[in-house]
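Numbering (the working numbering), first residue to last: 83 to 404.
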């Protein structure tokens, strides 16, 4: 049986099982430091799976092992039924990878660039159709260096799709983009999901993960510390709402913890975030507390808990771009 036939057979088996990606006890060490420590998860066919974590959590190393860029010290990854340890070349023909920054040939137009990269694979997508899908058809004759930041990211996405991958890896796809460009890229990613593409995404934008991802894994210190849908992760906080406000220096967090239905207080100087199981009685008591003590209450905002609240609860740190 030829390698291409074996690969096609493995892809069909993976599609039948419903699992397109499985990480199995991945471990990677650098001298005395363990960057990834026994990471395991599955990504079903057609799912957008998010991998979040603070700087140094092990996200990039995990992705590099799955993509065949970095060899695990132990464990493995199975992509479309293929073991990355033994079928790396076959795996890399089946995946698409969009990096945060891509260096391209300045002499080639966008259409020529896509046509060149398409020629490196035995099968793939039509370059003109790809330009249309990422809304760059009018830039077909432009060169990469003449594009805006958002346009360059959409070109990078088209390049990641040129081989018609089974699994698409997006590494911080909207980093440094303006809100309009971010939203456009989100629409493209969601359209790819509708077409059945399996996507693995890393991002430092909590709203992005919450909107795009079917499930989210949060990593810290080389391990997955939570894995679930965004809604279920948020439910773990046990709060109906958050009350975000600024009080003066005479406010004591312990006093706020005694307000009705309060489940948790997060404080930074005079800024407080109050988590509550029942918003109305907590808010009424907070206003009464401030009035009785002559405390000025400013910057009051009531909202539902978010994925960022979950992240801070689990890691104690804000997520920032690496």
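All C-beta atoms, glycine included, are put in the ideal place defined by N, C-alpha and C. Since the model is a prediction, treat every value here as computed from it, not as a measurement.
- Distance from the CA atom of residue 204 to the CA atom of residue 325, rounded to whole angstroms, is 56 Å.
- For residue 103, the uninterrupted beta strand (DSSP E) run begins and ends at 101–112, by DSSP.
- Residue 375 is classed as exposed because its beta carbon has fewer than 16 other beta carbons within 10 Å across all chains shown.
- In the DSSP assignment, residue 117 falls within the beta strand (DSSP E) that extends over 115–126.
- Take the alpha-carbon of residue 253 and the one of residue 368: they are about 42 Å apart.
- With a cutoff of 8 Å on beta-carbon distance, residue 239 and residue 180 are scored as near each other.
- The beta carbon of residue 120 lies closer than 8 Å to those of 107, 108, 109, 157 and 305 in the same chain, with the five residues before and after it left out.
- Counted as a single uninterrupted DSSP element, the beta strand (DSSP E) harbouring residue 382 occupies residues 380–385.
- Runs of beta strand (DSSP E) with 3 or more residues, each lying fully within the stretch 216–243, are absent.
- Residues 323, 324 and 326 of the same chain have their beta carbon placed closer than 8 Å to that of residue 385, with the five preceding and five following residues left out of the count.
- Annotation for residue 173: 150, 161, 164 and 166 place their beta carbon closer than 7 Å to its own, counting only its chain and skipping 5 residues before and after.
- In the displayed model, residue 370 falls within a helix according to three-state DSSP.
- The count of Cβ pairs closer than 8 Å, one atom from the stretch 135–155 and one from the stretch 242–257, reaches three, so the stretches are in contact.
- The beta carbon of residue 222 sits closer than 8 Å to those of 191, 192, 193, 210 and 213, all from its chain and outside the five residues before and after it, given in chain order.
- Taking a C-beta distance under 8 Å as the contact criterion, residue 299 and residue 309 qualify as a contact pair.
- No Cβ-Cβ contact shorter than 8 Å links residue 389 with residue 266.
- Nearest Cα to residue 361 within the set 133, 279 and 345: 345.
- Rounded to whole angstroms, residue 349 and residue 318 show a C-alpha spacing of 20 Å.
- With a cutoff of 8 Å on beta-carbon distance, residue 245 and residue 140 are scored as not near each other.
- For residue 292, the closest of 275, 278, 313 and 274 by C-alpha to C-alpha distance is 313.
- In this structure residue 329 touches residue 377 by the C-beta definition: roughly 6 Å separates them, less than 8 Å.
- Residue 382 has its alpha-carbon roughly 10 Å from the corresponding atom of residue 355.
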